[in-house]
Amino acid sequence: MNNYLTGIEGMPRLLDSCADPMPDFKRKVYAEAFQKKYQEHVPTFDAIEAGYNSVIDKEQFLTNMAEALAEHGAQLVNRCRRRSEREKTMMDLNLGMAVFVLPMVLEYHGNSSRPLADKLLEAWKKEFPKSNLQAAEFSYIEKGFHKKFCYITTAVCETLKKGDDCYELNLLRDYRDTYLASLPQGEELIRRYYDIAPTIVKHINCRDDAEEIYRSIWDTYLSPCIHMIESSRLESCRERYEEMVLKLQDTYFFQ
């Protein structure tokens, strides 16, 4: 019973610690922030693991844990009086779930970890039908911040059967490292791309029509950007690329 109570009481606190995720979801601080949060909640995961290994009805045990967290999330949203405040809270909670809560659950690597993540996704979808969260491990998300290329561009080129060293990727990388990086706000633009692109790609990859989406991105944005670079219309390329990132963020980032 103590394991049950520790787990059920710890789940809302787990969500609260990740309810404002953006300051900690940055390339230079994410890994440290994640580990700090994870260590804080290890006692909750220990209790859930012990309870899971000892109870007869394991599925119901984890369902109760997941529902405690999802119901708390619904309470946080419902406390907001204004629509804009509710929408922001919902976006923050979805991001917190995607980049902290679910990865922390999987980071524990216990018998209960993957089943609990599945139950959390189920309970969250029940409370928030418009959400489309996926469970990714910390290593997958953290690795993305250290890639030396743009996730979106690379995913598109892979779909088109272009290699990692293809002409198009090298051209866009060179554009990023020379023209974009030299702009007054260039480093900020590049950082912002790195911050959101891994999540966008992860959500697109979970869709049945992912290949169609990537081909559309190529036709609408990347191919025109390449032609702009080739014709020295560098600022036009920046505008088109930023338009792409904003559009994809609106469409896929908070699914």
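Counting in this note's numbering, the sequence shown runs from 826 upward without gaps.
Glycine residues also receive a C-beta, built at the ideal position from the N, C-alpha and C atoms.
Does residue i pass the burial test, meaning 16 or more other C-beta atoms within 10 Å, or should it be called exposed?
{"i": "N919", "result": "buried"}
{"i": "P846", "result": "buried"}
{"i": "K973", "result": "Any reading at K973 is ruled out, since the residue's pLDDT is 45, under 50, leaving its predicted position unreliable."}
{"i": "V854", "result": "exposed"}
{"i": "Y1066", "result": "buried"}
{"i": "K955", "result": "exposed"}
{"i": "H1028", "result": "buried"}
{"i": "T904", "result": "With the sequence shown as reference, residue 904 is identified as Arg, and Thr is not the correct amino acid for it. Exposed."}
{"i": "K861", "result": "exposed"}
{"i": "R907", "result": "exposed"}
{"i": "S964", "result": "exposed"}
{"i": "L1047", "result": "buried"}
{"i": "L1071", "result": "exposed"}
In chain order, what residues of the same chain lie with their CB nearer than 6 Å to the CB of residue i, ignoring the 5 residues before and after it?
{"i": "A858", "result": "D849"}
{"i": "A899", "result": "E952"}
{"i": "E874", "result": "G935 and S937"}
{"i": "A895", "result": "A948, W949 and E952"}
{"i": "L1073", "result": "I1025"}
Between residue i and the ligand FMN, is there a pair consisting of the residue's CB and a ligand heavy atom that are separated by less than 7 Å?
{"i": "R838", "result": "In the structure on display, the ligand FMN does not appear, and there are no ligands present to speak of."}
Alpha carbon to alpha carbon, what distance is there between residue j and residue i?
{"i": "S1100", "j": "G832", "result": "Residue 1100 lies beyond the range of the chain shown here (826 to 1080); nothing can be said about it."}
{"i": "E865", "j": "D1075", "result": "32 Å"}
{"i": "C843", "j": "P868", "result": "17 Å"}
{"i": "E983", "j": "N828", "result": "46 Å"}
{"i": "S909", "j": "D990", "result": "44 Å"}
{"i": "D871", "j": "H934", "result": "11 Å"}
{"i": "V981", "j": "I1054", "result": "18 Å"}
{"i": "C998", "j": "L839", "result": "Here residue 998 turns out to be Arg, not Cys, going by the sequence shown. Roughly 39 Å between the two C-alpha positions."}
{"i": "D1033", "j": "Y1039", "result": "12 Å"}
{"i": "E892", "j": "G1011", "result": "43 Å"}
{"i": "L830", "j": "V902", "result": "24 Å"}
{"i": "V1026", "j": "D1044", "result": "17 Å"}
{"i": "E932", "j": "W949", "result": "19 Å"}
{"i": "A856", "j": "D841", "result": "19 Å"}
{"i": "A1022", "j": "E912", "result": "21 Å"}
{"i": "S1007", "j": "P837", "result": "45 Å"}
{"i": "F1078", "j": "T978", "result": "16 Å"}
{"i": "K1084", "j": "L985", "result": "This structure cannot speak to residue 1084, because the chain is shown only from 826 to 1080."}
{"i": "H897", "j": "E1068", "result": "36 Å"}
{"i": "P940", "j": "V930", "result": "10 Å"}
{"i": "I966", "j": "Y976", "result": "12 Å"}
{"i": "E962", "j": "A942", "result": "11 Å"}
{"i": "P1009", "j": "M916", "result": "29 Å"}
{"i": "L996", "j": "S1061", "result": "15 Å"}
{"i": "N1084", "j": "I1042", "result": "Residue numbering for the chain in the displayed model covers 826 to 1080; residue 1084 lies beyond these limits and cannot be assessed."}
{"i": "P1049", "j": "S1057", "result": "12 Å"}
{"i": "G921", "j": "E1037", "result": "29 Å"}
{"i": "Y863", "j": "R1017", "result": "25 Å"}
Leaving aside the five residues before and after residue i along the sequence, list all residues of the same chain whose C-beta is less than 7 Å from its C-beta, in chain order.
{"i": "L946", "result": "L958 and A960"}
{"i": "L1005", "result": "G1011, L1014, I1015 and R1063"}
{"i": "E993", "result": "C982, K987 and I1051"}
{"i": "A1035", "result": "I1029"}
{"i": "Y877", "result": "K883, F886, L887, N936 and S937"}
{"i": "I914", "result": "Contrary to the premise, residue 914 reads as Thr rather than Ile in this sequence. These residues qualify, in order along the chain: L901, V902 and C905."}
Is any beta-carbon of chain B found at less than 8 Å from that of residue i?
{"i": "I1021", "result": "Among the protein chains of the structure shown there is no chain B, as only one such chain exists."}
By Cβ distance below 8 Å, which residues in the same chain neighbour residue i in space, the five residues on each side in sequence not counted?
{"i": "L1059", "result": "Y1000, Y1004 and M1053"}
* To do: Determine contact between the segment 922-933 and the segment 879-891, defined as no fewer than three beta-carbon pairs at a distance below 8 Å.
  => no
* Identify every run of the alpha helix (DSSP H) within the segment 933-959, keeping only runs that are complete inside it and at least 4 residues long; order them along the chain. => 938-952
* Completely contained alpha helix (DSSP H) runs for the segment 884-924, where each covers 4 or more residues -> 908-921
* To do: Note down, one range per segment and in chain order, each alpha helix (DSSP H) of at least 4 residues found wholly within the segment 975-1018.
  => 976-984 and 992-1000
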